[in-house]
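Student: Numbering (the numbering used here), first residue to last: 1 to 269. Glycine included, each C-beta is placed from N, C-alpha and C at the ideal position. I'd like to ask you about the structure that follows.
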Amino acid sequence: MPFITTNHIKIYYHQQGEGDDLILIGGLTADHQVWKSTLRVFSKHFRVTTFDNRGAGQSDSPDYPYTTEMMANDTLQLMNALSIHHAHVVGHSMGGCVAQQMAIIAPEKINKVVIACSRAKPNAIANMILSMREKLKLQNVNEALLAEYSIPFLFGENFVANTAQVNGFIQWTLQNPHPQSFIGFKNQLHAVINHDVSAELHKITAPTLVIAGEEDMLMPAKQLKMLSKILKKSTFMCIADCAHMPHVEKSAEFAEGVIRHLHPSRQMT
């Protein structure tokens with residue numbers, strides 16, 4: 001299986017497709033499988049690299065507090081190890097925070113950026129919701145209940161009203177062969193809660209697409225729209241009838257918006 005040791009940890013990665021390089025960065029708790037709904041489409045247009053962030057999936061979970069800058073350096077060093085000299089970067093939620101850091105730290109390596117359902121500074125409501133999940137894990141609440149607890153914060157009303165989809169998500173979570181450890185969760189959570197690059201957004205010069213989910217409670221659309229206005233070269237896209245997981249809930253619309261931003265002349269197939 002493809003692993004690379006970089007930044008003193010072992011990182012699991014997967015590559016698919018040909019063309020310009022595209023890096024997909026997942027959010028809190030997510031491993032590379034979260035991109036399954038969009039990978040088929042993206043890999044028709046790009047050489048796509050997905051990977052497990054430190055603290056998730058098959059990558060190492062060292063037990064000390066992570067930062068989004070640290071995780072950005074993980075990703076940049078992964079690019080170096082794979083001889084990726086520059087790439088488009090798509091980051092969701094925590095991954096969007098990592099993408100921001102990458103665009104600040106190494107602008108010469110970033111072509112275009114997509115920041116989805118993310119933030120540039122602390123968000124009290126999201127921090128409370130995510131910290132409560134940590135407390136529930138400390139109380140040894142089982143994974144099925146944790147998944148059920150998360151659903152209203154991740155998905156829109158139509159998804160939540162569909163019992164089959166809800167049960168499918170719970171089963172998908174339970175069947176993950178590489179579930180996140182508590183050590184990985186708490187240290188990723190530290191990175192999310194403490195992420196603040198609001199004073200450095202002017203350093204992001206790459207053309208950026210900011211994507212919001214219309215019903216997102218964790219990262220409200222109005223905050224994403226404000227972030228888009230602050231960035232120098234940014235466009236804003238709000239996807240209707242979904243919440244925090246547009247790449248899963250509305251994967252076709254999400255992929256179409258991303259491809260249109262990265263390659264305006266191309267049509268999604």
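1) Does DSSP classify Gln-15 as helix, strand or coil?
2) Just to confirm, are His-92 and Gly-26 a CB contact at a threshold of 8 angstroms?
3) From Lys-225 to Pro-122, what does the alpha carbon distance come to, in whole angstroms?
4) Which word fits Thr-163, buried or exposed, when buried means at least 16 other C-beta atoms lie within 10 angstroms of its C-beta?
5) So, Gln-278 versus Ile-204, is the Cβ gap smaller than 8 angstroms?
6) Please specify which runs of the alpha helix (DSSP H), each continuous and at least 4 residues long, are wholly inside the segment 10-65, giving them in chain order.
7) Going by C-alpha distance, which of Ile-9, Thr-67 and Gly-95 is nearest Trp-35?
8) State buried or exposed for Lys-215, treating a residue as buried only when at least 16 other CB atoms are found within 10 Å of its CB.
9) Buried or exposed for Gln-180, going by 16 or more other Cβ atoms inside 10 Å?
10) Of all the options Gln-58, Val-90 and Phe-42, which has the alpha carbon lying nearest to the alpha carbon of Ala-72?
11) Would you call the CB atoms of Leu-209 and Met-245 closer than 8 angstroms?
Tutor: Put simply:
1) Your numbering for residue 15 matches position 15 in the sequence shown. DSSP places Gln-15 in strand when its eight states are reduced to three.
2) Here the question's residue 92 lines up with position 92 in the sequence shown. Here the question's residue 26 lines up with position 26 in the sequence shown. Cβ atoms of His-92 and Gly-26: closer than 8 angstroms.
3) Taking the sequence shown and counting its residues from 1, the one referred to as residue 225 is at position 225. Taking the sequence shown and counting its residues from 1, the one referred to as residue 122 is at position 122. Roughly 16 angstroms between the two C-alpha positions.
4) Locating residue 163 in the sequence shown gives position 163, where the first residue counts as 1. When all chains shown are included, Thr-163 counts as exposed.
5) The requested residue 278 is not part of the displayed model; the chain covers only 1 to 269.
6) Counting whole runs of 4 or more residues, the segment 10-65 contains the alpha helix (DSSP H) stretches 36-42.
7) Numbered from its first residue, the sequence shown carries residue 35 at position 35. Considering only alpha carbons, the answer is Gly-95.
8) Position 215 of the sequence shown, counted from the start, is the residue given in the question as residue 215. In the sequence as presented, Lys is not what sits at residue 215; that position holds Glu. It is buried - the Cβ of Glu-215 has at least 16 other Cβ atoms within 10 Å.
9) Within the sequence shown, residue 180 is the residue found at index 180, counting from 1. Classification for Gln-180: buried.
10) In the sequence shown, the residue the question calls residue 72 occupies position 72. Ranking the options by Cα distance to Ala-72, first place goes to Val-90.
11) Your numbering for residue 209 matches position 209 in the sequence shown. Your numbering for residue 245 matches position 245 in the sequence shown. Not closer than 8 angstroms, so no.
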